[in-house]
Amino acid sequence: MSLSGTALWPLGLCPLIPCSWSYGRGRGRGRGRCRGSASSDPYVLELAESLEDSLPSSPSPLRNLRMASSEALLSTPWPSRREEPFRFTDLSFIRNSRIHPVSHPYPVTLLTPLSDLPHPLYVGPLSALSSPSLIHQVSQFLSSSAPHHADLFWSINGFAAPDLTLVYVPQGTHLDNPIHLAYHPSHASDTMHLSNPRVLVILEKGARLHIIEDFSANHNHSYWTNAAFEALIGEAAHLTHSYIQSQSLSAAHIKWTSVRQESSSTYQLTEVSTGAKLGRHNLHIQQLGPDTVTDLSTLHLSVGDQTQDLHSTLVLDHPRGYSRQLHKCIVAHSQGQAVFDGNIQVNRYAQQTDAGQLTRSLLLQPRATVNVKPNLQIVAHDVKCSHGAAISDLEENQLLYFQARGIDKNTARRLLIFAFGGEVIDKFPCSSIRDTVRTQITNLLDPSSV
Amino acid sequence: MALSLPTQCPHTVNPLRRSPKPALLRRLNHRVCVVSAATPLLQVNDLKAKIVESNVEILHGVNLTVNQGEVHAIMGKNGSGKSTFAKVLVGHPDYEVTGGSVVFKGENLLEMEPEERSLAGLFMSFQSPVEIPGVSNDEFLVMAYNARRKKLGLPELGPLECFSYLMEKLQLVNMKPDFLNRNVNEGFSGGERKRNEILQLAVLGADLAILDEIDSGLDVDALRDVANAVNQILTPENSLLMITHYRRILDLLNPTHVHVMDKGKIARTGDLSMVEAIEAEGYETVSSLT
Chain A
1 MSLSGTALWP LGLCPLIPCS WSYGRGRGRG RGRCRGSASS DPYVLELAES
51 LEDSLPSSPS PLRNLRMASS EALLSTPWPS RREEPFRFTD LSFIRNSRIH
101 PVSHPYPVTL LTPLSDLPHP LYVGPLSALS SPSLIHQVSQ FLSSSAPHHA
151 DLFWSINGFA APDLTLVYVP QGTHLDNPIH LAYHPSHASD TMHLSNPRVL
201 VILEKGARLH IIEDFSANHN HSYWTNAAFE ALIGEAAHLT HSYIQSQSLS
251 AAHIKWTSVR QESSSTYQLT EVSTGAKLGR HNLHIQQLGP DTVTDLSTLH
301 LSVGDQTQDL HSTLVLDHPR GYSRQLHKCI VAHSQGQAVF DGNIQVNRYA
351 QQTDAGQLTR SLLLQPRATV NVKPNLQIVA HDVKCSHGAA ISDLEENQLL
401 YFQARGIDKN TARRLLIFAF GGEVIDKFPC SSIRDTVRTQ ITNLLDPSSV
Chain B
1 MALSLPTQCP HTVNPLRRSP KPALLRRLNH RVCVVSAATP LLQVNDLKAK
51 IVESNVEILH GVNLTVNQGE VHAIMGKNGS GKSTFAKVLV GHPDYEVTGG
101 SVVFKGENLL EMEPEERSLA GLFMSFQSPV EIPGVSNDEF LVMAYNARRK
151 KLGLPELGPL ECFSYLMEKL QLVNMKPDFL NRNVNEGFSG GERKRNEILQ
201 LAVLGADLAI LDEIDSGLDV DALRDVANAV NQILTPENSL LMITHYRRIL
251 DLLNPTHVHV MDKGKIARTG DLSMVEAIEA EGYETVSSLT
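This is how it looks when you write it as C-alpha cells:
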C-alpha cells in the first residue's frame, strides 16, 4: 500500500462492516468517519479518508453532491483491467504513487476579464454566488446529474471537489468572447498531488457560449488532475467547447465531460490531448429532446510512454438527432498507446437520427498500440447511421511523392502527421488556440525545433 | 552542370519547338541533338531490378543514354517494364536494383535518396499521382520550390513571395488560381492530376524530365495544353524521357529517339518513323527486328 503519506488508519484496523459515511467535517479518528463497507476496496477507503481530510468547509450546494458521491465512492472498488471500461487502460501508475489530495488553491482560473461579461450572466466560484434561486437550481442539478456509467473517478471528484466553477448564461444571451478557463496543477516532488476541479455550465434557452478548457503545464512534474465538466444546454442553446490537454508527461489526467442537450440545442466539442502519462477522457452526452446537433472532434497524440484514452457515450432518445464524431489518434512511440471506445445508442424513439462516427489512427512506430472499439447500438428502425475505423502508418506512396519533389522524408512525415491532425485542429473556433496547439504538436514531434 | 531553376517567364524557350510544322521540327531537334551529343546526361548500363515484395525481376539489363537536349520516347507493351524503369530511376522503394549502373550528370544516381535525385535535377511525373489530404497544392509547391532554392544556396521564399511565380506557372498549364488552394490531387480529375504534375515540373524545373504516360486519360484539349506546357518548359539544355502508348503526344513533342521496350530491355531504338511501323505491325514484329 503506497498511500502512506496520508493514511490515518492502519488498514488492519479498518472495520469491515457496512457503515454510514459522514460527509461533514468530522475531526478525529473514527468519529463520524467512514466505517467501510463489505464490498469496498481498502485502497479506495484510504483514499476517501485522505480526500475528506483535504476538504475545506464547502459551500452548501455541494453538500448533496458530496453525499451522493460518498455513497458511490465507498461501494466502488478501484477499477481493474478485468472491467471492460478499463480493459486497455492501466491505472497502476496512479495506484503506485503516493497520492496527496489538495484543495487549495483551487486550480481553475478564469482568463476572460469579468468586466466583459454582461449581467446577469455569472462566471465564478459557486462559493461566491449570491443568488438564492440560482444556488437552488445548481444544487438540484448536481444531486441528480451523475451519468449512467459514472465511475470511481466521477465519484472522487464529486466527493472531493472543494468548490465548483459555475458558468451561467441566462435565456437568449449570446456571449461573443469565449470563456477561457485555465487549470493549474499544484505539485510536489515526493507525492502526487490530486486536484479535483469541477465546472458546471448552464445555458438557458437560446443562449450561446464558447468555453475553453485549457489544461496545460510547462514542467515535467507528477500530479493527478481528476476533473469534471458538466453542461446543461437548454432549448435551442448553443455550446462550443474547446478542450486542450497538454499536461506534464509525468502526470495523470482523468476527465469527465457530461453534457445534457435539450431540444434543438447544439453541442460542439473540439479536443486535442497530447499531455499526461495517463490521459483518460470520459465523454457522456445525453439527448433530452428532439432535433439536437452534436459534433465531436478529438485528436489524441502519444509521443512517449503514454496512454491516451477516450471513452465516449452518446445516448439518443428523441427523434431527428444529428451527430458527427471524428476521433483521431497518433501514436508516435513504441511504448505509446491510444484507446478509443465510442458508443452511440440510438434508442427506440430516436427515429430519423442521423449519426456518423469515424475513427482513424496513425501508428508511427513498431509496437505502438491502439485499441479502438467503435460501436453503434441501434434500436430505432428509421435511422441513418454510419461508422468506420482505420488504422495505418503513413503511406509510403505519399512519402515518396514528397521525396520525388525534393522534400526530405522527415519533413514529409511531419507534414503528413500534421495534415492528419489538422482536420481536428482546424475545428477550434479561435485562431489563437489553433496556433498554440500547432506549436505544441510541432515541439512534441520534433523537440529539436524548440 | 549546375541545376537551373526556371525563375522567370519561359524566356529561354526555343520558339522553334512550338512550330506547328513537324518536318521542320524534326530537323531542328536533330540539330540540337548533334550540338549536344557530347554531353551525356543520363547513362544507364545493364540495369537490372526486381520487385522487393515478390522478388520478381522486371528489368533484365536496360541500356540507355540520354544526352543534353534530347527528347526520348519509350514505347512498349503493357508489362514490358517501362514504368518500372522510370520508378527505379527516381528511387521508388518498391523496387530494388540488382545489377548495372545509372550515372546522372556524372554521379551515381543509385546511391542517392529519392529527394537527392530530385534536387539533382531529375523529375518524374507519376502515372497515378497520390492524393495528399490536408496538404494544399500551394503549400506543397512552395515547400518543394524552397527545398530546391535551399539546395542552390538561395534564400527560401515566403508563400506571398512565391505567389506571382506560381501564378505564372499556373497559366502555363491553363489552370485557374483556385487550383492552388485545393489539397494535392485530392478529388482531382484524371486531367487535373496530369496538369498538376506538369505544373510541378514547371515550378521546379529539371535537367531530365521523365513523363510516365502523361497522355493517358487526357482529352484532346488537355493533351494539347500539357504538350504546349512541356514544349515551353523545354530548353536546348534539358532533356525529356517520355513513356507512352500513343502517337499523338509524340507528334506534339517530337522525340529525337524512340525506343521499344520488351521483356525488361530496350529491344529496339529508332526515330519517329519506327512509330509508324509499330502502329502498322505491332510491338512483337518491331521488337524482334534487330
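In order, the protein sequence lines correspond to chains A and B.
Just so you know, the first sequence maps onto residues 1 to 450 in UniProt numbering.
Just so you know, the second sequence maps onto residues 1 to 290 in UniProt numbering.
Even glycine gets a Cβ: it sits at the ideal position worked out from N, Cα and C.
This one's a predicted model, so the numbers in the text were calculated from it and none came from an experiment.
(1) Counting pairs of beta carbons, one from the region 238 to 252 of chain A and one from the region 399 to 411 of chain A, are three or more of them closer than 8 Å?
(2) Whole angstroms are fine: how far does the CA of residue 116 of chain B sit from the CA of residue 461 of chain A?
(3) Count the CB pairs spanning the region 203 to 222 of chain A and the region 167 to 177 of chain A that are closer than 8 Å, and state whether there are at least three.
(4) So, at 8 Å on beta carbons, what are the nonlocal neighbours of residue 21 of chain B in its own chain, with the 5 sequence-adjacent residues on each side left out?
(5) Applying the 10 Å Cβ sphere with the 16-neighbour rule, what's the burial state of residue 185 of chain A?
(6) Step through the CB atoms of chain A and report whether any lies within less than 9 Å of the CB of residue 147 of chain B.
(7) If I follow the unbroken alpha helix (DSSP H) through residue 351 of chain A, where does it start and stop?
(8) Going along chain A in order, which residues have a C-beta closer than 7 Å to the C-beta of residue 111 of chain B?
(9) If contact means a Cβ-Cβ distance below 8 Å, which residues of the region 394 to 427 of chain A contact chain B?
(10) For residue 229 of chain A, name the three-state secondary structure that DSSP assigns.
(11) Please classify residue 340 of chain A: does DSSP put it in a helix, a strand, or coil?
(12) Alpha helix (DSSP H) containing residue 61 of chain A: first to last residue?
(13) Determine, using beta carbons only, whether residue 123 of chain B comes closer than 9 Å to chain A.
(14) Would you call residue 154 of chain B buried or exposed, if buried means 16 or more other Cβ atoms sit within 10 Å of its Cβ?
(15) Would you mind listing the alpha helix (DSSP H) stretches within the region 390 to 448 of chain A that are 4+ residues and don't spill past its ends, in chain order?
(16) Can you find the residues in the same chain that come closer than 6 Å, C-beta to C-beta, to residue 369 of chain A, ignoring five residues on each side of it along the sequence?
(17) Taking a cut of 8 Å between CB atoms, which residues from the region 194 to 214 of chain B lie near chain A?
(18) Closest to residue 401 of chain A by C-alpha separation, out of B:68, B:73, B:143, would be which residue?
(19) Can you grab the Cα-Cα spacing for the pair residue 117 of chain A / residue 141 of chain B, in whole Å?
(20) Cutting at 8 Å between CB atoms, please list the residues of its own chain near residue 365 of chain A, excluding the five before and the five after it.
(21) Is there a C-beta anywhere in chain A that falls below 9 Å from the one on residue 179 of chain B?
(22) Run through the DSSP bridge pairs and tell me what residue 109 of chain A is partnered with.
(23) In or out: residue 160 of chain B buried (at least 16 other Cβ within 10 Å) or exposed?
(24) Using three-state DSSP, classify residue 29 of chain B as helix, strand or coil.
(25) In or out: residue 230 of chain A buried (at least 16 other Cβ within 10 Å) or exposed?
(26) Cβ closer than 7 Å: which chain A residues qualify as neighbours of residue 144 of chain B?
(27) Residue 462 of chain A lies in the alpha helix (DSSP H); which residues open and close that run?
(28) Going by DSSP, what residue range makes up the beta strand (DSSP E) through residue 149 of chain B?
(29) Under three-state DSSP, which class holds residue 287 of chain A?
(30) Going by DSSP in three states, residue 87 of chain B sits in which element: helix, strand or coil?
(31) Near residue 185 of chain B, what residues of its chain come up, given a Cβ to Cβ distance below 7 Å and the 5 sequence neighbours on each side ignored?
(32) For the candidate residues A:84, A:292, A:215, whose alpha-carbon lies nearest to that of residue 323 of chain A?
(33) My understanding is that residue 299 of chain A touches residue 433 of chain A, with C-beta atoms under 8 Å, so please give their C-beta distance in whole angstroms.
(34) Indicate whether residue 111 of chain A and residue 214 of chain A have their beta-carbon atoms separated by less than 9 Å.
(35) Can you give me the Cβ contacts of residue 246 of chain B inside the same chain, cut-off strictly under 6 Å, excluding the 5 residues immediately before and after it?
(36) Identify every residue that forms a DSSP beta bridge with residue 209 of chain B.
Short version:
(1) no
(2) Beyond the ends of chain A as shown, which are 1 and 450, falls residue 461 of chain A; an answer cannot be given.
(3) yes
(4) Walking along the second sequence from the start, residue 21 of chain B turns up at place 21. Any reading at residue 21 of chain B must be qualified, since the residue scores a pLDDT of 39, below 50, and its modelled position is unreliable; the value itself is stated next. Closer than 8 Å at the Cβ level, and outside the excluded window around residue 21 of chain B, lies no residue.
(5) For the purposes of this step, residue 185 of chain A is taken as the residue at position 185 of the first sequence. It is buried - the Cβ of residue 185 of chain A has at least 16 other Cβ atoms within 10 Å.
(6) For the purposes of this step, residue 147 of chain B is identified with residue 147 of the second sequence, where counting begins at 1. Contact of residue 147 of chain B with chain A is assigned, a C-beta pair being separated by under 9 Å.
(7) On the first sequence, residue 351 of chain A is found 351 positions in, with the first residue counted as 1. Looking at the DSSP string, residue 351 of chain A is not in any alpha helix (DSSP H), and its letter there is neither H nor E.
(8) Counted from its first residue, the second sequence places residue 111 of chain B at position 111. In chain order: nothing, as chain A lies at least about 15 Å away.
(9) 395, 396, 397, 398, 400, 401, 402, 403, 404, 405, 406, 407, 408, 409, 411, 415, 416, 418, 419, 420, 422, 423
(10) Stepping through the first sequence from its first residue, residue 229 of chain A is reached at position 229. Of the three classes helix, strand and coil, the one that applies to residue 229 of chain A here is strand, per DSSP.
(11) Position 340 of the first sequence, counted from the start, is the residue given in the question as residue 340 of chain A. Assignment of residue 340 of chain A by DSSP, reduced to helix, strand and coil, places it in the strand class.
(12) Against the first sequence, residue 61 of chain A aligns to sequence position 61. Its alpha helix (DSSP H) spans residues 61 to 75.
(13) In the second sequence, the residue the question calls residue 123 of chain B occupies position 123. Closer than 9 Å: yes.
(14) By 1-based counting over the second sequence, the position of residue 154 of chain B is 154. Classification of residue 154 of chain B: exposed, given that the 10 Å Cβ count is below 16.
(15) 396 to 403, 409 to 425, 431 to 445
(16) Numbered from its first residue, the first sequence carries residue 369 of chain A at position 369. Leaving aside the five residues that flank residue 369 of chain A on each side, the residues in its chain whose CB is nearer than 6 Å to its CB run, in chain order, 337.
(17) The residues in question are 200, 204.
(18) Taking the first residue of the first sequence as position 1, residue 401 of chain A is located at position 401. Comparing Cα-Cα distances from residue 401 of chain A to each of B:68, B:73, B:143, the minimum goes to B:143.
(19) As a first step, residue 117 of chain A must be located in the first sequence, where it is residue number 117. As a first step, residue 141 of chain B must be located in the second sequence, where it is residue number 141. Taken atom to atom, the span from the alpha-carbon of residue 117 of chain A to that of residue 141 of chain B is near 46 Å.
(20) Along the first sequence, one-based indexing puts residue 365 of chain A at 365. Correct list, in chain order: 331, 332, 333, 334, 336.
(21) Along the second sequence, read from residue 1 onward, the residue named residue 179 of chain B stands at position 179. Cβ-Cβ to chain A under 9 Å: no for residue 179 of chain B.
(22) Position 109 of the first sequence, counted from the first residue, corresponds to residue 109 of chain A. Answer by DSSP bridge pairing, in chain order: A:182.
(23) Reading the second sequence from its first residue, position 160 is the one you call residue 160 of chain B. With fewer than 16 other Cβ atoms within 10 Å, it is exposed.
(24) Working through the second sequence from its first residue, we reach residue 29 of chain B at position 29. The pLDDT assigned to residue 29 of chain B is 44, lower than 50, so where the model puts this residue is not dependable; a value taken from the coordinates is nonetheless given after this. Here residue 29 of chain B sits in helix by DSSP.
(25) The residue labelled residue 230 of chain A in the question sits at position 230 within the first sequence. Flag for residue 230 of chain A reads buried.
(26) For the purposes of this step, residue 144 of chain B is identified with residue 144 of the second sequence, where counting begins at 1. Ordered by position in chain A, the residues that pass the 7 Å Cβ test against residue 144 of chain B are 405, 406, 407.
(27) This structure cannot settle anything about residue 462 of chain A, because the visible part of chain A is limited to 1 through 450.
(28) By one-based count along the second sequence, residue 149 of chain B stands at place 149. That residue, residue 149 of chain B, is in no beta strand (DSSP E); its alpha helix (DSSP H) goes 137 to 151.
(29) Taking the first residue of the first sequence as position 1, residue 287 of chain A is located at position 287. In the three-state reduction of the DSSP assignment, residue 287 of chain A falls in the strand class, which pools E and B.
(30) Against the second sequence, residue 87 of chain B aligns to sequence position 87. Of the three classes helix, strand and coil, the one that applies to residue 87 of chain B here is helix, per DSSP.
(31) Locating residue 185 of chain B in the second sequence gives position 185, counting from the first residue. Hits under 7 Å: 129, 130, 131, 132, 193, 196.
(32) Counting from one through the first sequence, the residue named residue 323 of chain A turns up at place 323. Among A:84, A:292, A:215, the Cα nearest to that of residue 323 of chain A is on A:292.
(33) Indexing the first sequence from 1 puts residue 299 of chain A at position 299. Indexing the first sequence from 1 puts residue 433 of chain A at position 433. Actually they are not in contact, since the Cβ atoms of residue 299 of chain A and residue 433 of chain A sit about 13 Å apart, beyond 8 Å.
(34) Position 111 of the first sequence, counted from the first residue, corresponds to residue 111 of chain A. Position 214 of the first sequence, counted from the first residue, corresponds to residue 214 of chain A. Contact flag set, yes.
(35) As a position in the second sequence, residue 246 of chain B is number 246, starting the count at 1. Counting only Cβ-Cβ distances below 6 Å, and skipping sequence neighbours, we find 215.
(36) Along the second sequence, read from residue 1 onward, the residue named residue 209 of chain B stands at position 209. Answer is B:123, B:240.
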